[in-house]
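A.B. asks:
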Amino acid sequence: MAEITFRTLTGEALEAALDDLAGLRITVFHEWPYLYEGDRDYERRYLSKFAASKGAVIIGAYDGDRLVGAATAAPLADHFDDFAEPFEKKGLRADDFFYFGESVLLPDYRGRGIGVRFFEEREKAARAEGFNRIVFCGVIRPEDHPMRPADYVPLDRFWRNRGYEKMDGVVCDFPWRDIGDEEETRKPMQFWTRTLPDGA
Numbered sequence: 456m457a458e459i460t461f462r463t464l465t466g467e468a469l470e471a472a473l474d475d476l477a478g479l480r481i482t483v484f485h486e487w488p489y490l491y492e493g494d495r496d497y498e499r500r501y502l503s504k505f506a507a508s509k510g511a512v513i514i515g516a517y518d519g520d521r522l523v524g525a526a527t528a529a530p531l532a533d534h535f536d537d538f539a540e541p542f543e544k545k546g547l548r549a550d551d552f553f554y555f556g557e558s559v560l561l562p563d564y565r566g567r568g569i570g571v572r573f574f575e576e577r578e579k580a581a582r583a584e585g586f587n588r589i590v591f592c593g594v595i596r597p598e599d600h601p602m603r604p605a606d607y608v609p610l611d612r613f614w615r616n617r618g619y620e621k622m623d624g625v626v627c628d629f630p631w632r633d634i635g636d637e638e639e640t641r642k643p644m645q646f647w648t649r650t651l652p653d654g655a
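The working numbering puts the first residue of the sequence shown at 456, with every later residue one more than the last.
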């Protein structure tokens, strides 16, 4: 397999990558636990909000000129209000946090350390924007969900190995359409956080 190269995309380069990012999101989030029934109209709404942030960044993983993985980040206050609301309820300011959005990677490229690199590069981007408090969230699905694979291993250990911990009681609800559903439904999303050490 060819060597993977990484590019940090902002501004016009970020805008130019949005269609490819949408394709990755539709493909990867179709899998458990997101079960996303991909929709280009939904992607346009979601990604246009992300791209409007002056602090938005995409870390792209490329096999040649092909985008095979991507991770996004932007100031939390620039994201959807659904994500900021649980912070406000806890007396926390959304302005204090940098939000890591999706991290999507095609199956053939997994297990090569790309996910770790995505975290490292987004942490650099957070520092460049003046943030040291990072958050992201992951969907909460029932243990007995009928589409849960028997061999599914949650990413909790990977995230903890990167220095992240769950934020007690900080959960938002966000809508998308599940596989086989006609309408969007809201799903609970658990937030995780890390404060970057000084000088890191």
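Ideal placement from N, C-alpha and C gives every residue a C-beta, glycine not left out.
Since this is a predicted model, take the numbers as computed values, not measurements.
In angstroms, rounded to a whole number, what distance separates the CA positions of ALA477 and MET602?
C.D. replies: 23 Å
A.B. asks: With GLY519 and TYR564 assumed to form a contact (beta carbons below 8 Å), what rounded beta-carbon distance in angstroms separates them?
C.D. replies: The beta carbons of GLY519 and TYR564 sit about 12 Å from each other, so the pair does not count as a contact at 8 Å.
A.B. asks: What does the alpha-carbon distance come out to for the pair LYS545 and ASP623?
C.D. replies: 10 Å
A.B. asks: Within a Cβ cutoff of 6 Å, which residues of the same chain sit near PHE429, ignoring the five residues on either side of it in sequence?
C.D. replies: Since the displayed the chain opens at 456 and closes at 655, residue 429 lies outside it and no answer follows.
A.B. asks: Please state the DSSP three-state secondary structure of LYS579.
C.D. replies: helix
A.B. asks: Expressed to the nearest angstrom, what Euclidean distance is found between the alpha-carbon atoms of LYS574 and GLU637?
C.D. replies: The residue asked about is misnamed: residue 574 is Phe in this sequence, not Lys. Approximately 34 Å between the Cα atoms of the pair.
A.B. asks: Measuring only the C-alpha atoms, how far is ILE513 from THR465?
C.D. replies: A straight line joining the alpha-carbon of ILE513 with that of THR465 spans about 7 Å.
A.B. asks: Using three-state DSSP, classify THR465 as helix, strand or coil.
C.D. replies: coil
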